[in-house]
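One structure is given here, and the rest of the page talks about it.
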Amino acid sequence: MKFSFGPILYFWPRLEVEKFYREVADSDVDCVYLGEAVCSKRRELKFDDYFRIAQELREAGKQVCLSTMTLLEAPSELRELRKYCDNGEFLVEANDVGAISLLNEQKLPFVGGAALQIYNQHSLRRFIGMGMKRWVIPAELSRDWLAELLAEPMIESVRDCFETELMGFGHLPLAWSGRCFTARSENRAKDQCELCCIKYPQGRTVTSQDGTEVFVLNGIQTQSGSRYNLINQLQGMHGLVDMLRLSPEPSDSLTWLQRFRMNQDGQRPYRLARNESNGYWLKLAGLAQVNERMEDDC
Amino acid sequence: MELLCPAGSMPALKAALENGADAVYVGFKGETNARHFAGLNLDATGLREAVKLVHSYGKKIHVAINTFAHVRTWDHWRKAVDDAAAAGVDVLIVADVAVLAYAAERYPRMELHLSVQASATNAAAIDFYKQFNVKRVVLPRVLSMQQVRSLARTTDVDLEVFAFGSLCIMAEGRCYLSSYMTGQSPNTAGACSPAEFVRWDETADGGLESRLNGIMIDRFAADETAGYPTLCKGRFKVGDDTYHALEEPTSLNTLDLLPELYREGIASLKIEGRQRSPAYVAQITRVWRQAIDRVMTDPDHFTAQDEWNAVLANLSEGSQTTLGAYHRKWK
Chain A
1 MKFSFGPILY
11 FWPRLEVEKF
21 YREVADSDVD
31 CVYLGEAVCS
41 KRRELKFDDY
51 FRIAQELREA
61 GKQVCLSTMT
71 LLEAPSELRE
81 LRKYCDNGEF
91 LVEANDVGAI
101 SLLNEQKLPF
111 VGGAALQIYN
121 QHSLRRFIGM
131 GMKRWVIPAE
141 LSRDWLAELL
151 AEPMIESVRD
161 CFETELMGFG
171 HLPLAWSGRC
181 FTARSENRAK
191 DQCELCCIKY
201 PQGRTVTSQD
211 GTEVFVLNGI
221 QTQSGSRYNL
231 INQLQGMHGL
241 VDMLRLSPEP
251 SDSLTWLQRF
261 RMNQDGQRPY
271 RLARNESNGY
281 WLKLAGLAQV
291 NERMEDDC
Chain B
299 MELLCPAGSM
309 PALKAALENG
319 ADAVYVGFKG
329 ETNARHFAGL
339 NLDATGLREA
349 VKLVHSYGKK
359 IHVAINTFAH
369 VRTWDHWRKA
379 VDDAAAAGVD
389 VLIVADVAVL
399 AYAAERYPRM
409 ELHLSVQASA
419 TNAAAIDFYK
429 QFNVKRVVLP
439 RVLSMQQVRS
449 LARTTDVDLE
459 VFAFGSLCIM
469 AEGRCYLSSY
479 MTGQSPNTAG
489 ACSPAEFVRW
499 DETADGGLES
509 RLNGIMIDRF
519 AADETAGYPT
529 LCKGRFKVGD
539 DTYHALEEPT
549 SLNTLDLLPE
559 LYREGIASLK
569 IEGRQRSPAY
579 VAQITRVWRQ
589 AIDRVMTDPD
599 HFTAQDEWNA
609 VLANLSEGSQ
619 TTLGAYHRKW
629 K
């Protein structure tokens, strides 16, 4: 199995981003996604900065993809999207079909992001026909759903033409809105947000009135309150998931990469923390946590 | 500018027609429909009757086949398209690329509208769907009026916007909050915050707590009106504050924007609420019929009448309405 780092979904200061990617360059990760995928107001790094980092990562032997925004509304956002699509060197992750329109103009292949709504064999086959080389599976699909889908004859016959990727670590992006929830949490209007997301390098936690972490606010994006962690499910992914994505966190992302690598065949299981989940993959509510019995229980 | 009204049942459909709808939208019973509620919606026979009735009024009927098809039950979506075409409906409202492609290839003369569930919010996304001969796009409720205007001036595809009803604040079709909490989402099960997961508990001081699959969504004092626990409309804690972290229980009402929507050539105003009663549909349709007639006669001197707003507020969640994302100051 190959491993990737997804784009940094939070708003980090420029120096933190640069530092993170220097560490990633020295790591043994296979693939790195980078770019602003959440909010066009976040401009600590501009397209040219991401492009330079992408080149450096490629020099370090990584496969590099540029990620694009999921919720594209303003004409200025489409102009920025075009820069990504016209980059001329790196594969692009299309998180909205708008990006596919632009990439198809140049007959460029692409990675299909998790927010594209691909739930069945006919849709998947269409997107592969449009040039999708890798498919990031929607968060809410289970292992069973994926296995059924990949076993369909019309998909089996083209299975060599595309890879599958699954986000298996991090707070899951679950919704995108016209409203900025982080600004709202500071009682500011979206237009006067003062880029307050930079104060929350891991988003703002939303808890229920009786204390359960329910969501994480990340600007216009709402994430799962629990951290999704499929470290104990890697064995069951063979043949189904070609690449596993870890979503960068402010600390320990590279440690987690090592933990995942070491547990690919179940040799080093990990006991999930209280606020971690694996429900979606196991065909349960996303927030559910199922812990298999660990040896040290005996 | 068309007035498009919801009909979850034959009585609601009649109410819409009798009160001035230009078109109605319905869905089939079952998983092909993003409003999959027990006791609502039509079967193939019901749809044929509905088509007859709607056409006898000289109006149009749209059928929403707007969830994403599942792997092993793909035939259900194909059959829904076939049944709708056989019944002689005017329009299909579709979100899934697979269903769009099937409908466009099998029934090239059928008018296709892109469902709000497809989350098309920009000109490039709308261009993407032109390959399926989509004639109209239903815009998600996340765009500002300025963005709607800019889209209307860029694209040659007709636009439909939500004018009134429950407010989804997320880009529809890409919201997985409901499956995160319950395992069922609009995309996978045609339902958001499904009723079977709702639990109400009385508190010691006479209040109520609402839960969805065990997660507390809100807590109401004895003198507060308790609303349905739609998960994005609960009161949660962020930092030291407990508030409606995502959205208040409120309804979208765009009456004040009507002249602008009209001037930008918006093709259709959609009223949300296929889960609502015939009486609700009747009242809402009557108000919007009057408002649209007024704006079309004299757009420059249009003002929303107090009595219209009073009727609409009365039919709104928590008796409150908002312009939602259309309004830049929305926060």
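In the order they appear, the protein sequences are chains A and B.
Under this note's numbering, residue 298 is the last one in the first sequence; the count climbs by one each step, no gaps.
Under this note's numbering, residue 629 is the last one in the second sequence; the count climbs by one each step, no gaps.
Built from N, CA and C at the ideal position, the CB exists for glycine as well.
Secondary structure at residue i, three-state DSSP: helix, strand or coil?
i, result
"I467 (chain B)", "coil"
"S226 (chain A)", "strand"
"Q221 (chain A)", "strand"
"C298 (chain A)", "Note that C298 (chain A) has pLDDT 44, beneath the 50 cutoff, so the model's placement of it is unreliable and the number below is only indicative. DSSP places C298 (chain A) in coil when its eight states are reduced to three."
"H171 (chain A)", "strand"
"W256 (chain A)", "helix"
"P153 (chain A)", "helix"
"F3 (chain A)", "strand"
"C31 (chain A)", "strand"
"I513 (chain B)", "strand"
"N278 (chain A)", "coil"
"P547 (chain B)", "coil"
"C197 (chain A)", "helix"
"D265 (chain A)", "coil"
"M299 (chain B)", "coil"
"R125 (chain A)", "helix"
"M243 (chain A)", "strand"
"H599 (chain B)", "helix"
Would you call residue i buried or exposed, if buried means 16 or more other Cβ atoms sit within 10 Å of its Cβ?
i, result
"M237 (chain A)", "buried"
"T365 (chain B)", "buried"
"V579 (chain B)", "buried"
"D297 (chain A)", "In this prediction, D297 (chain A) scores a pLDDT of 46, lower than 50, which makes its location untrustworthy; the coordinate-derived value is nonetheless stated afterwards. Exposed."
"G356 (chain B)", "exposed"
"M468 (chain B)", "buried"
"L15 (chain A)", "exposed"
"Y541 (chain B)", "exposed"
"G512 (chain B)", "exposed"
"H599 (chain B)", "exposed"
"P7 (chain A)", "buried"
"P304 (chain B)", "buried"
"N317 (chain B)", "buried"
"T523 (chain B)", "exposed"
Provide the residue span of the alpha helix (DSSP H) that contains residue i, from first to last.
i, result
"M479 (chain B)", "475-480"
"S185 (chain A)", "181-185"
"L315 (chain B)", "308-316"
"L81 (chain A)", "75-85"
"R271 (chain A)", "Element bounds for R271 (chain A): n/a, residue is neither H nor E."
"M443 (chain B)", "443-452"
"A25 (chain A)", "14-26"
"T583 (chain B)", "576-595"
Please state whether the Cβ-Cβ distance between residue i and residue j is less than 8 Å.
i, j, result
"P138 (chain A)", "A175 (chain A)", "no"
"L338 (chain B)", "S307 (chain B)", "yes"
"G266 (chain A)", "Y228 (chain A)", "no"
"A658 (chain B)", "I564 (chain B)", "Since the displayed chain B opens at 299 and closes at 629, residue 658 (chain B) lies outside it and no answer follows."
"R533 (chain B)", "Q223 (chain A)", "no"
"A54 (chain A)", "L45 (chain A)", "no"
"L553 (chain B)", "A623 (chain B)", "no"
"F3 (chain A)", "V29 (chain A)", "yes"
"L81 (chain A)", "A99 (chain A)", "yes"
"S448 (chain B)", "P75 (chain A)", "yes"
Whose Cβ in chain B lies nearer than 9 Å to the Cβ of residue i?
i, result
"V206 (chain A)", "F534, K535, V536, A543, L544"
Just the chain B side, please: which residues come within less than 7 Å of residue i by C-beta, in chain order?
i, result
"E148 (chain A)", "V369, R370"
"V97 (chain A)", "A423, F426"
"D210 (chain A)", "M514"
"L108 (chain A)", "Per Cβ cutoff of 7 Å: no residues; L108 (chain A) is ~14 Å from chain B at best."
Closer than 9 Å by beta-carbon distance: list the chain A residues that pair up with residue i, in chain order.
i, result
"M479 (chain B)", "V214, A285, G286, L287"
"A399 (chain B)", "H122, S123, R126"
Can you list the residues of chain A that residue i reaches, using a CB-CB cut of under 8 Å?
i, result
"R497 (chain B)", "Within chain A, no residue comes near R497 (chain B); the closest Cβ sits about 13 Å away, beyond 8 Å."
"Q573 (chain B)", "Correct list: empty, because the minimum Cβ distance to chain A is about 21 Å."
"L441 (chain B)", "E73, G178"
"Y474 (chain B)", "P138, A139, E140, L172, L174, A175, G286"
"I467 (chain B)", "S177, G178, R179"
Going along chain A in order, which residues have a C-beta closer than 7 Å to the C-beta of residue i?
i, result
"V395 (chain B)", "S123, R126"
"T486 (chain B)", "E140"
Terminal residues of the continuous beta strand (DSSP E) containing residue i?
i, result
"H411 (chain B)", "409-412"
"M132 (chain A)", "132-136"
List the residues of chain B whose Cβ lies closer than 8 Å to the Cβ of residue i, in chain order.
i, result
"N120 (chain A)", "F366, A367, H368, V369, W372, D394, A396"
"I100 (chain A)", "F426"
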